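Some notes on the structure that comes next.
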């Protein structure tokens, strides 16, 4: 009985490394970093930024004007007549509403442009990740944001980014 038990223990000990080997390699990637730090991603994001930069500056100036107008209304509220105060308040509200509409419109346009520009790059990046995993024997590569903790040695972001940059 003792010999059989020892044989079972030896077999169990030998089976553990085989089970671990069967699990395969695991990699972790930060797709946002791989995309934004790649040459194609930097170029795309830079183009988007320059495309909307002037409108963002104009919108920021419009916001500054609204802030000044609000401060002026608060300072002069005691000195102005009720009719003058209502008129200035209505003017302020109309300008604030226009500012909010313009800001929302700009944000929507930026999001649509970003999706239009980055979606083809993301599709290409996903193909690079898949090819990298196959070529390097990975069973699974997980997005870093979905993993609470991982050993930094598992991070393949830089390697995948290098492959992504090669395949322009």
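Residue numbers (our numbering): 102 to 269.
The beta carbon of each residue, even a glycine, is placed where N, CA and C say it ideally should be.
Given the structure is predicted, the values throughout are model-derived calculations rather than measurements.
Taking buried to mean at least 16 other C-beta atoms within 10 Å of its own C-beta, is residue i buried or exposed?
i, result
"residue 220", "exposed"
"residue 251", "exposed"
"residue 235", "exposed"
"residue 159", "exposed"
"residue 191", "exposed"
"residue 172", "exposed"
"residue 142", "buried"
"residue 249", "exposed"
"residue 264", "buried"
Short check: CB of residue i to CB of residue j, under 8 Å?
i, j, result
"residue 261", "residue 239", "no"
"residue 137", "residue 266", "no"
"residue 153", "residue 194", "no"
"residue 257", "residue 242", "yes"
"residue 255", "residue 129", "yes"
"residue 167", "residue 145", "no"
"residue 58", "residue 222", "In the structure displayed, the chain extends from 102 to 269; residue 58 sits before or after that span and is not available."
"residue 149", "residue 214", "yes"
"residue 174", "residue 187", "no"
For residue i and chain D, any beta-carbon pair shorter than 8 Å?
i, result
"residue 149", "This model lacks chain D altogether, as it is built from one protein chain only."
Which residue comes first and which comes last in the beta strand (DSSP E) that contains residue i?
i, result
"residue 128", "126-130"
Return the chain-ordered ranges of every beta strand (DSSP E) run that is complete within the segment 213-258 and spans a minimum of 3 residues. Whole beta strand (DSSP E) segments, 3+ residues: 239-244.
Mind listing, in chain order, the continuous alpha helix (DSSP H) runs of no fewer than 4 residues lying wholly within the segment 160-184? none
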